[in-house]
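Student: A single structure is presented below for examination.
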Amino acid sequence: AQPADTIAKMFSAIARAGRMGAARRMASFSSTGVRSKSTASGPGIPPAVLSNWYNIFGKSNVAYITWIVAGILVAEGITGGLTDILWSSANRGRTYESVDWTAFIVEDDDDDEDEDEDEDEEGGDDDDDDDE
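Here's what the structure looks like:
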């Protein structure tokens, strides 16, 4: 097949699919021009729930914006929490919080003795200043 034939077949298939889709869309409208109810979409949200939501959040702009902002905050909290959990599980033992620091304790008393001597020397200097 030549490229021109392939392109022509592709366009005719697209046009045929478009005509079939348009026929299906037109069949879903009743004779009055109102779209008929489709059973293929599933049960959906019950009308009582939608009515209550509209009475609470849909009647004013302030309530609707509050609904949107609250939804964003809740979604961000959930997303952030799940991301932290996934990050922690993927990087266990590699982050500061998950390292077992007791494995790095060194028993070295020399540093403690040096600190004690430094404190004694500093304390002795203060006593000389008080006598003057």
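Our numbering numbers the first residue of the sequence shown as -14 and each following residue consecutively.
Heads up, the beta-carbon is just placed ideally off N, CA and C, and yes, glycines get one too.
Which residues in the same chain as residue 0 place their Cβ atom closer than 7 Å to its Cβ, once the five residues preceding and following it in sequence are excluded?
Tutor: As a first step, residue 0 is located in the sequence shown; it is residue number 15 there, counting from the start. Same-chain partners within the cutoff: there are none.
Student: What would DSSP say about residue 80, mapped onto helix, strand or coil?
Tutor: On the sequence shown, residue 80 is found 95 positions in, with the first residue counted as 1. Reduced to three states, the DSSP call for residue 80 is coil.
Student: Can you round the beta-carbon distance between residue 56 and residue 49 to whole angstroms, since I take them to be within the 8 Å contact cut?
Tutor: Within the sequence shown, numbered from 1, the residue matching residue 56 stands at position 71. Within the sequence shown, numbered from 1, the residue matching residue 49 stands at position 64. That pair is no contact at about 11 Å.
Student: Three-state secondary structure (DSSP) at residue 30?
Tutor: Working through the sequence shown from its first residue, we reach residue 30 at position 45. Residue state, collapsed to three classes: coil.
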